[in-house]
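> Before I ask anything, here is the structure I am working with.
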């Protein structure tokens with residue numbers, strides 16, 4: 033059975049949903065949690081074959097603490113909306 037989400041700082045259940053913006057040049061617009069330790073290869077971080085989970089962010093309305101949860105699996109290869117590149 034799942035218990036209600038609560039702030040780990042003040043124990044309040046008054047959490048406001050939001051998101052962590054990823055606004056880099058190649059961003060998908062959302063942050064992801066990637067399974068395993070960070071490994072850097074020739075072309076950057078190695079993520080192939082690892083589980084990816086979308087990060088849900090909540091801010092406590094009482095103490096302003098930020099809580100991050102992973103609840104939705106980001107299926108590798110799934111189409112996600114991308115922001116157009118500036119020209």
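In the numbering used here, the protein residues as written are 33 to 119.
Where a beta carbon is used, it is the ideal one built from N, C-alpha and C, also for glycine.
These figures come from a predicted structure and were not determined experimentally.
Buried or exposed for residue 90, going by 16 or more other Cβ atoms inside 10 Å?
Counting Cβ neighbours within 10 Å, residue 90 comes out buried, since at least 16 surround it.
> Using the beta-carbon count (16 or more within 10 Å), is residue 92 buried or exposed?
Residue 92 comes out buried.
> Who pairs with residue 88 in a beta bridge, going by DSSP?
Residue 88 is bridged to 101.
> Kindly indicate which residue of 74, 40 and 64 has the alpha-carbon position closest to the one of residue 86.
Here the closest residue by C-alpha is 64.
> Pull up the CB-CB distance for residue 42 and residue 88, whole angstroms please, since I reckon it's below 8 Å.
Actually they are not in contact, since the Cβ atoms of residue 42 and residue 88 sit about 19 Å apart, beyond 8 Å.
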